[in-house]
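Chains as they are written, first to last, in the working numbering: chain A, 1 to 205; chain B, 1001 to 1398. Positions of the beta carbon are idealized from the N, C-alpha and C atoms, including for glycine. Because the structure is a prediction, the values reported are computed rather than measured. Please read the structure below before turning to the comments.
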Amino acid sequence: MPIRRPSPAAEAAEDARLVAAAEAGDRGAFDKLYRRHLDSVYARLTRVIGPAPERDDLVQQIFLDVYRAMRRFRGDASFATYLHRIVVNVAYEHLERRRRGRGRNEPLEDRQLETLIAPGASPEQRAREREELRRVFALLDRLSPKRRAAFVLVAVECLPLEEAAALLGANAPAIKQRVLDARRELAAALDRNVDHVNKTERERQ
Amino acid sequence: MSTNERLARVDTEIAAPLRDASPAVDELHRARLVSAIDGVLDREDAARDARRRAKAQRPRRRWPIVAGAAVAAAALVLVLRPYGRRAPSPVPAPSGTVVAATPASPPIAPPPSLLRPVQEPGREAPSSVLAPTTSLVALRGERARATIDARVRLTLVGAGRVSVLAAAHDGDIELALDGGRLLVEYDGHTGGTLRVRSPGAITTVVGTVFAVEAIGAGSRVAVTRGQVRTEDTAGRRTPVSAGTSWTSADGRSAPIPDDLAKALAEHQSGGAGQTSEGSDRRGAAEPPERARRPAAGTEPTVDLDTLYARAETAMRERSLGEARRALETIAARDPRGRLGETALLDLARLALADGDRAEARRALDRLPATLRDPALSETAAHLRCRAQPGGGDDCPTR
């Protein structure tokens, strides 16, 4: 018997119920709420910042921030939008910190990249995907945090510009421009010999 | 390659692999994450509770501070007013030279109305127990002994004078030391407090063996049993524990000097025999009463439950000094009992409410390793966590 996923409206209604209970001080309701969204938060965070070892800490930070801010949640947007705004904000701040401490940007290890590969893949396929993802994240590391976040939300996750703008706290034209700039920058990087990036990454390891 | 082709290449080579990646959380990882997030949220709850409790306590703490300050100011005015009219006279030595310590700051002396003629050296010692509103004088190298009720046993090593400022039979006793070394054994089981004013310091004690020594304009306080609290002229309070001494001049604690430790040991053992320091004169001719029974005519020893009820009432009314005295008495009388343990926890709580973590740790250190009540163990662990330097917000809830 196929598992019937609840409709988005039903999901939002359940979120609203749990939010109301959590706002009233029901910790159990908040626990349920964060567990419902844990996977989506983790996935989005990984796409934006890569399979960084700090992800677990950041996820904790995100839910702590949400917990602290529950009383300020006015319900103007859905809880999911509110939560993912915080996710994107935390990811952006992390990228900024990483950018400032460029020298401490550790190259991605195989086991980190392995977490992004589907379990059923053959060893050869896994190796190929690892290298591909290593190159992808090395290229994304060249972008500014603003462009990177916009690129991931729009070009990778295929969010509408308005939705991405809501998450990034900007307007749609600004996001469109950031995505375009990111695409141009990445295209230029690809033109400049992508293999050079791989080589550099290997040397850094 | 056209611009569109170049941009399409970005989608193919960068966006698509990332889109196809599956950054899912496996069950084990998920369980770890959930556990970590639960822990973070639990700590946040604990910190929130602590903040709420602190906030709830803050408004209640204001009025006793104001009231206490007003009472202290009034008491200070009452005590200091006589100085303007009459300075204490120095104690003459047999040779005729002035030997009483003359501190640079105004000497602490009892108000004239409380004074009776001091005992002159060489005269026969007055009979019986030293009564309130009298003074005890010892010349240089001389020892004078006295008792107040059955509660206080004093040895004054000259040259110096100790005066009784106030002494309620079942309540607080206040002494003023003007020069010399005062060795004290105080039995606080009836619930009162002994306070010794000396140059540059006020020493408060609930039940212990200690010495106060006037050194020039300052004082040294040494404790061999129990703990006392000293207060210097700037109002800084310092607890002095057994085995340590404190001086008002520098506010530092140090081991008890050998001669003072020896004098205290002799005093505690009853002070029999002469010492090389000089003659041994019983200012109060009667041997000291060591028994822990109240003096005749005083209230019989209050039972622990009544005392704890008093402490609770005092805590409710924010009469913190009175609460502490009652709790200290309970802790001293019932050190291994449930009520004694509860009293120590309450003392730790009061100290934490005052922001005095060191004092809280001292109270908690007096608890036995295993408490009678498991619920109290949990409370003790929580308070120990809060009493750690820098502790507080991260402590688990009780």
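How big is the Cα-Cα spacing for residue i and residue j?
i, j, result
"Pro1368 of chain B", "Arg1336 of chain B", "7 Å"
"Val179 of chain A", "Ala150 of chain A", "6 Å"
"Ala22 of chain A", "Arg126 of chain A", "42 Å"
"Arg99 of chain A", "Gly1243 of chain B", "57 Å"
"Val1071 of chain B", "Val1196 of chain B", "18 Å"
"Asp1303 of chain B", "Thr1313 of chain B", "16 Å"
"Ala1263 of chain B", "Ala1222 of chain B", "11 Å"
"Arg1153 of chain B", "Val1184 of chain B", "6 Å"
"Ala172 of chain A", "Ala182 of chain A", "15 Å"
"Glu1027 of chain B", "Asp1020 of chain B", "21 Å"
"Val1205 of chain B", "Asp57 of chain A", "51 Å"
"Arg1290 of chain B", "Ala1150 of chain B", "Below a pLDDT of 50, predicted positions are generally treated as unreliable, and Arg1290 of chain B, at 36, falls in that range; no measurement from the model is reported."
"Gln177 of chain A", "Arg192 of chain A", "23 Å"
"Tyr82 of chain A", "Leu139 of chain A", "29 Å"
"Ala1311 of chain B", "Ala1380 of chain B", "19 Å"
"Ala189 of chain A", "Pro145 of chain A", "17 Å"
"Val1240 of chain B", "Arg1252 of chain B", "10 Å"
"Ala77 of chain A", "Arg1366 of chain B", "55 Å"
"Val1209 of chain B", "Ser1248 of chain B", "19 Å"
"Ser1245 of chain B", "Ile1256 of chain B", "5 Å"
"Asp1049 of chain B", "Val136 of chain A", "46 Å"
"Glu54 of chain A", "Gln61 of chain A", "11 Å"
"Ala155 of chain A", "Ala29 of chain A", "34 Å"
"Ala1047 of chain B", "Gln1057 of chain B", "15 Å"
"Leu159 of chain A", "Ala165 of chain A", "9 Å"
"Arg111 of chain A", "Thr1012 of chain B", "24 Å"
Measuring alpha carbon to alpha carbon, tell me which residue in the options is nearest residue i.
i, options, result
"Asn89 of chain A", "A:Lys176, A:Ala182, A:Arg184, A:Leu167", "A:Leu167"
"Asp65 of chain A", "B:Leu1339, B:Ile1037, B:Ser1253", "B:Ile1037"
"Ala20 of chain A", "A:Leu159, A:Arg72, A:Cys158, A:Arg128", "A:Arg72"
"Thr1155 of chain B", "B:Gly1039, B:Asp1149, B:Ala1166, B:Val1137", "B:Val1137"
"Glu11 of chain A", "A:Leu33, A:Gly120, A:Val87", "A:Leu33"
"Leu186 of chain A", "A:Glu163, A:Ile62, A:Arg142", "A:Arg142"
"Ala1323 of chain B", "B:Ala1309, B:Ala1332, B:Arg1366, B:Asp1334", "B:Ala1309"
"Glu162 of chain A", "A:Gln112, A:Arg85, A:Val48", "A:Arg85"
"Ala13 of chain A", "A:Gly75, A:Val136, A:Arg55, A:Ala69", "A:Gly75"
"Ala91 of chain A", "A:Val41, A:Pro107, A:Arg68, A:Ala77", "A:Val41"
"Asp1461 of chain B", "B:Arg1220, B:Thr1208, B:Arg1051", "Given that chain B is displayed from residue 1001 to residue 1398, the structure contains no residue 1461 of chain B and the question cannot be resolved."
"Val1040 of chain B", "A:Asp39, A:Val87, A:Tyr67", "A:Tyr67"
"Gly1218 of chain B", "B:Ala1234, B:Val1212, B:Pro1199, B:Pro1389", "B:Pro1199"
"Val1164 of chain B", "B:His1382, B:Leu1194, B:Arg1052, B:Asp1187", "B:Leu1194"
"Thr1238 of chain B", "B:Met1315, B:Glu1378, B:Asp1356", "B:Asp1356"
"Arg36 of chain A", "A:Glu131, A:Pro8, A:Arg184, A:Pro107", "A:Pro8"
"Ile1148 of chain B", "B:Leu1175, B:Gly1160, B:Leu1078", "B:Leu1175"
"His94 of chain A", "A:Asp110, A:Leu108, A:Ile49", "A:Ile49"
Strictly by DSSP, which residues pair up with residue i?
i, result
"Thr1203 of chain B", "B:Val1196, B:Thr1230"
"Val1157 of chain B", "B:Arg1143, B:Arg1181"
"Pro1239 of chain B", "B:Arg1229"
"Gly1218 of chain B", "B:Ile1215"
"Pro1255 of chain B", "B:Thr1244"
"Leu1136 of chain B", "B:Val1162"
"Phe1210 of chain B", "B:Val1184, B:Val1223"
"Glu1174 of chain B", "B:Ala1166, B:Arg1195"
"Val1152 of chain B", "B:Ile1148, B:Tyr1186"
Using beta-carbon positions only, say whether residue i and residue j come within less than 9 Å of one another.
i, j, result
"Phe79 of chain A", "Asp15 of chain A", "yes"
"Val1162 of chain B", "Glu1142 of chain B", "no"
"Ala1360 of chain B", "Arg1386 of chain B", "yes"
"Leu133 of chain A", "Leu116 of chain A", "yes"
"Glu1328 of chain B", "Leu1352 of chain B", "no"
"Ser1269 of chain B", "Pro1064 of chain B", "no"
"Ile1330 of chain B", "Gly1340 of chain B", "yes"
"Ala43 of chain A", "Ala1054 of chain B", "no"
"Leu1182 of chain B", "Val1212 of chain B", "yes"
"Arg1349 of chain B", "Leu1307 of chain B", "no"
"Val1034 of chain B", "Leu45 of chain A", "no"
"Glu114 of chain A", "Arg130 of chain A", "yes"
"Leu1364 of chain B", "Leu1383 of chain B", "yes"
"Ala1261 of chain B", "Thr1224 of chain B", "yes"
"Ala1214 of chain B", "Gly1180 of chain B", "yes"
Please decide whether residue i counts as near chain D, where near means a Cβ-Cβ distance under 9 Å.
i, result
"Pro1023 of chain B", "Here the protein chains are A and B, and chain D is not one of them."
Query raised in the report: Quick one, which residues of the stretch 1003-1019 of chain B are near chain A if we go by CB-CB under 7 Å, in chain order?
Result: Taking 7 Å as the upper bound on Cβ-Cβ separation, chain A lies near residues Arg1006, Leu1007, Arg1009, Val1010, Asp1011, Glu1013, Ile1014, Ala1015, Pro1017, Leu1018, Arg1019 of the stretch 1003-1019 of chain B.
Query raised in the report: Looking at chain A, which residues of the stretch 1044-1056 of chain B have a Cβ within less than 7 Å of any of its Cβ atoms?
Result: Under the 7 Å Cβ criterion, the stretch 1044-1056 of chain B contributes Glu1044, Asp1045.
**Report entry** Contact list for the stretch 20-40 of chain A against chain B, Cβ threshold 9 Å
**Finding:** When C-beta distances to chain B are compared with 9 Å, the residues of the stretch 20-40 of chain A below that value are Arg27, Phe30, Asp31, Tyr34, Arg35, Leu38, Asp39, in chain order.
Query raised in the report: Along the stretch 89-117 of chain A, what residues have a CB closer than 8 Å to any CB found in chain B?
Result: Listed in sequence order: Thr115, Leu116, Ile117.
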